[in-house]
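Notes to accompany the following structure.
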């Protein structure tokens, strides 16, 4: 194994630095007695974080009153102390957010108490992303907050920006930078949308209309301020100060954003934004026009999208050089659960949205949008075998077994199934019995009657023929949980991708990938030097060419659900011991 750090100089005196980690090893038969992933015991790792919730049926602190109560939280991974090892930031809804420094060999130190990452206005946190916001070579942390049903004062829901002080501590400065958004934020992505050399920011927002009759919402949205409060936000970076340009960018849209990914979807050299929307609003595919504006082209480029869109990811899963899109819904893969836990689609409402609102067709299934290479996509989720995956959250394409093809990890679970049809009928009877308002002393008993069903997370192995096989149990990731945010990262630096999963009411999972120990595949991995300008590396494109085959990745860390992966580019090589050519195309067009 060797590490090679290099920089190269091209025109206009621009310098680019890349860290390259390469390993080739003799191939041996993998043992069939153990799994590809190993769940690391929290006592051994030191990671004892759990997103623990304490519902109160007598107040609004429950998912009957606040429908997003069990939507969970995310996780962000990156090297915050520049020691070469990825650290972990866990988001907690009610409790403290936690920061763990990587000590190596799956040992972590909890530095939450000294890092200053839980200020007084840390309330209902949801997602997080790491980025070098101020360009000083150190990763900062941006935390999204929500809780509109729990915090009526908008100032209690402001997002947080923790600027890295380079000494193990952080200072909260979201208001100073102009990005203390106070909507129902779920996730965020930093990227240089106007290619002016600095990082801009898109904030993904849910809206406050989840409990309202959806077709009546449009009357309320006639008020421009209500529309602004229900929309995601685009912030342009002007000399270190972020300016809200949502409306002029063409991105002022009411939605229920849960999933977010930024990539060059139409391969024109400009980063685009994909938003996966819950409820009635179809996904947004914001194509960057290159003039500071975006156009939602989801109807033009797709045939249909999920109805209850959750997490999403963008990657080239079939190695044809074009980016594909995965987005997940909450369709059960078990017939009984499918019938008991979900209502049927509203046919009248379906055609109202299609004909009157001119929305894209939406169906209550996962989508796997195969890029046709001509600017359009075909949804092949059924063909691929990934149509139904339970109540799903994070969607993550990556090569988990180092064989040169991206697999597909999906996190699952929901703590209280209020959509269970038997429970819904019981609730209707209770409301009728008490004239529409259930007494406080009955609420706790009713709340305890809500079904609780843990779901297994799912790992799909890429069959290299546009189909996937469920290998969750064989690979060791199928533990029943209430899992939400998840990321991949090489925690031990050995050249395979581990998984970190944020669970509700259970300790987080660190799933160690044992591909290297099993000698199941070689790899090539790229990371970026700390002093390299992040506005340049975001949406950089890396292509590997070898033996008439190609692999392609577009670098964007925000993906999955409510979090950001380690800022590396990882390629599995299977048995290959060399590649013929590596191409890196930077955002400014240089190669």
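Residue numbers (the working numbering): 559 to 1149. Cβ coordinates follow ideal geometry from the N, Cα and C atoms, glycine included.
For residue 893, the uninterrupted alpha helix (DSSP H) segment begins and ends at 893-898. Scanning its chain for C-beta atoms nearer than 7 angstroms, with the 5 sequence neighbours on each side dropped, one finds around residue 1066 the residues 605, 607, 608, 648, 1058, 1059 and 1060, in chain order.
According to the DSSP assignment, residue 662 belongs to the beta strand (DSSP E) that extends over 656-662.
Per DSSP, residue 951 is one residue of the beta strand (DSSP E) stretching across 950-956. Per DSSP, residue 1090 lies in no beta strand (DSSP E) and is assigned neither H nor E.
Sorting 1077, 1147 and 1091 by C-alpha distance to the C-alpha of residue 1133 places 1077 at the top. In this structure, residue 624 places its C-beta atom within 8 angstroms of the C-beta atom of residue 708. Nearest Cα to residue 798 within the set 779, 858, 691 and 1102: 691. The secondary-structure analysis by DSSP pairs residue 1039 across a beta bridge with 1013.
CA-CA distance, residue 879 to residue 646, rounds to 31 angstroms. When the alpha-carbon of residue 838 is set against those of 911, 808, 832 and 1128, the nearest one is in 911. When Cβ pairs closer than 8 angstroms are counted between the two stretches, the segment 1077-1094 is seen not to touch the segment 710-730, the count staying below three. For residue 822, the closest C-alpha among the options 844, 719 and 861 is that of 844. Counting the other Cβ atoms within 10 Å of the Cβ of residue 936 gives fewer than 16, which makes it exposed. Residue 905 is not bridged by DSSP to any residue.
Of the other Cβ atoms in all chains shown, fewer than 16 fall within 10 Å of the Cβ of residue 776; this residue is therefore exposed.
Put simply, the backbone Cα of residue 998 is about 11 angstroms away from that of residue 992. Where residue 1058 is concerned, the enclosing beta strand (DSSP E) starts and stops at 1056-1061. Here the alpha carbons of residue 706 and residue 682 stand approximately 9 angstroms from one another. One Cα belongs to residue 1108, the other to residue 978, and the distance between them is close to 46 angstroms.
Listed in chain order, the non-local C-beta contacts of residue 792 below 7 angstroms within the same chain comprise 760, 803, 804, 807 and 809, local neighbours out to five positions each way being set aside. For residue 602, the secondary structure class from DSSP, reduced to helix, strand or coil, is helix. Between residue 697 and residue 638, the beta carbon gap of about 5 angstroms places them in contact (Cβ cut-off 8 angstroms).
The beta carbons of residue 743 and residue 684 sit about 6 angstroms from each other, so the pair counts as a contact at 8 angstroms. For secondary structure counted as the alpha helix (DSSP H) over 4 or more consecutive residues, the segment 637-719 holds these complete runs in sequence order: 670-673. CA-CA distance, residue 630 to residue 695, rounds to 31 angstroms.
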